[in-house]
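In full-length UniProt numbering, the protein residues as written are 1 to 391.
Worksheet for the structure shown next.
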Ligand code: NIG
Ligand code: FE
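Okay, structure coming up:
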């Protein structure tokens, strides 16, 4: 198999886990990466790189692992421009807006949904995302949820069943009946297409007992839990995530000290989604508090038409640094290795021998520029599984 060396890299972020305690980003200056097939086979100083058939000159720029966006909602139709406009004139965000997208998604054909999904994925790839998770949750019938998962599974292995996004409108007077559907026929139809199960645990969506019942039923079907937890208010979501060993508790905007302690003593990642606070003009999650307590933090987009219509991980990195107390190094780690941890993956989010050759080349000398130069399209090269997809 022929190998390619990317050389003349001013700053290489490897996220080498063996250096986590001393140098979490595993930085190498004046570095090179060797790719064979879809994998990284060597990283180190340029001067020591093995000879290969093909050579790419990085031109003294920075290379980092492709972003791992571990939280998005990309199977939907329509948009919510009017709701956004109203919010920017002072109306608060609530879970109720989800119904607008449910109606549009149900009315859309498969081709329209998939075209929309593909468009957003291409947009994300151009901004450096090489692994992404995505969810159902805008169908809320057995057929519409299974359809969303089937379509998503054509594009990623990280597919999440979110039948419990809100109570379906048909069950407005019978939430228990909807929970029975989500844990019964809908779960049976959806489980074969998904790896994960998620619940929106929040006032106006599902309470702690309902969320526990739903996630436990999913676990019994072989799905792994993750939770929309503590987004709009304090609540039981984070504690439940830890209790069930969820891979991730997502949002984590309103946390008690007990919630932070529970996360710190667990293997549940706190996935922060600053696009949602930006787009709903809400208070930021306190990343500093979580990091100082020893919690593993991931950063993702939450890309969805209601609360966070951005596919840009670099934008989220910049927000996290500016407004959530993260250093640029911490934010870059969270958007790569952190996302991988939130998906319980060790083959992405790091550039070490054996990992997938998913790389981002920045038009900048270091990864710090992602936060230092907000809004600037710095991603100038993306390799996915060893293939250059963006140049
Ligand atoms: O993660 N919190 C629940 N779900 C989405 C919002 C979905 C929507 O508003 O359409 C979120 O923010
Ligand atoms: Fe979400």
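In this text, a Cβ means the ideal position worked out from N, Cα and C, and glycines have one as well.
Listed in chain order, the non-local C-beta contacts of residue 321 below 6 Å within the same chain comprise 328, 331 and 371, local neighbours out to five positions each way being set aside.
Counting of Cβ neighbours within 10 angstroms places residue 230 among the buried residues, the total reaching 16 or more.
By the C-beta criterion, the stretch 292 to 300 is judged to be in contact with the stretch 56 to 73, since at least 3 inter-stretch pairs fall below 8 Å. Residue 387 counts as exposed, since fewer than 16 other beta carbons sit within 10 angstroms of its beta carbon.
Taking the C-beta atoms as reference points, residue 43 is found no nearer than 8 Å to residue 29. Cβ neighbours of residue 94 within its own chain (closer than 7 Å, five residues either side excluded): 204. A distance below 6 Å between beta-carbons, with the five flanking residues on each side excluded, links residue 254 to the following residues of its chain, in chain order: 230, 233 and 234. Judged by the Cβ position, residue 304 qualifies as a neighbour of the ligand FE at the 7 Å threshold, a heavy atom of the ligand being closer than this. Nearest to residue 276 by alpha-carbon distance, out of 113, 312 and 16, is 312. Beta-carbon to beta-carbon, residue 141 and residue 168 are separated by about 7 Å, close enough to satisfy the 8 Å threshold. Annotated three-state conformation of residue 356 is strand, per DSSP.
Taking 4 residues as the minimum length, the alpha helix (DSSP H) runs contained wholly in the stretch 158 to 239 are 175 to 183, 185 to 190 and 208 to 220, in order along the chain. Taking the Cα positions, residue 165 is about 14 Å away from residue 212. Just so you know, the alpha carbons of residue 382 and residue 359 end up roughly 6 Å apart. At least 8 Å separates the beta-carbon of residue 128 from that of residue 352. Relative to the ligand NIG, the nearest heavy atom lies less than 7 Å away from the CB of residue 97. The residue among 177, 131, 111 and 173 with its C-alpha nearest the C-alpha of residue 147 is 111. Restricting attention to alpha helix (DSSP H) runs no shorter than 4 residues, the stretch 57 to 95 encloses them at 81 to 88, ordered along the chain. The three-state reading of DSSP puts residue 101 in helix, counting H, G and I together. Going by beta carbons, residue 268 and residue 287 fall outside the 8 Å limit.
Contact between residue 362 and residue 61 holds, with the beta-carbon distance rounding to 6 Å and staying under 8 Å. At a Cβ-Cβ threshold of 8 Å, residue 2 and residue 53 count as neighbours.
In the three-state DSSP reduction, residue 120 falls in the helix class (H, G or I).
When rounded, the separation of the alpha-carbon atoms in residue 159 and residue 149 is 7 Å.
Straight through space, the alpha carbons of residue 59 and residue 261 are spaced by roughly 45 Å. Taking C-beta separations shorter than 6 Å and ignoring five residues to either side along the sequence, the partners of residue 106 in its chain run 144, following chain order.
Annotation for residue 260: no beta strand (DSSP E) segment contains it, though the alpha helix (DSSP H) segment containing it runs 257 to 264. For residue 76 and residue 200, the gap between their C-alpha atoms comes out near 17 Å. Between the alpha carbons of residue 85 and residue 274 lies a distance of about 19 Å.
Residue state for residue 339 is assigned as helix, using DSSP reduced to three classes.
Here the C-alpha atom of residue 155 lies approximately 8 Å from the C-alpha atom of residue 118. Within the chosen limit of 7 Å, the ligand FE reaches the beta carbon of residue 73 through at least one heavy atom. The beta carbon of residue 333 is closer than 7 Å to those of 15, 24 and 25 in its chain, skipping five residues each way along the sequence.
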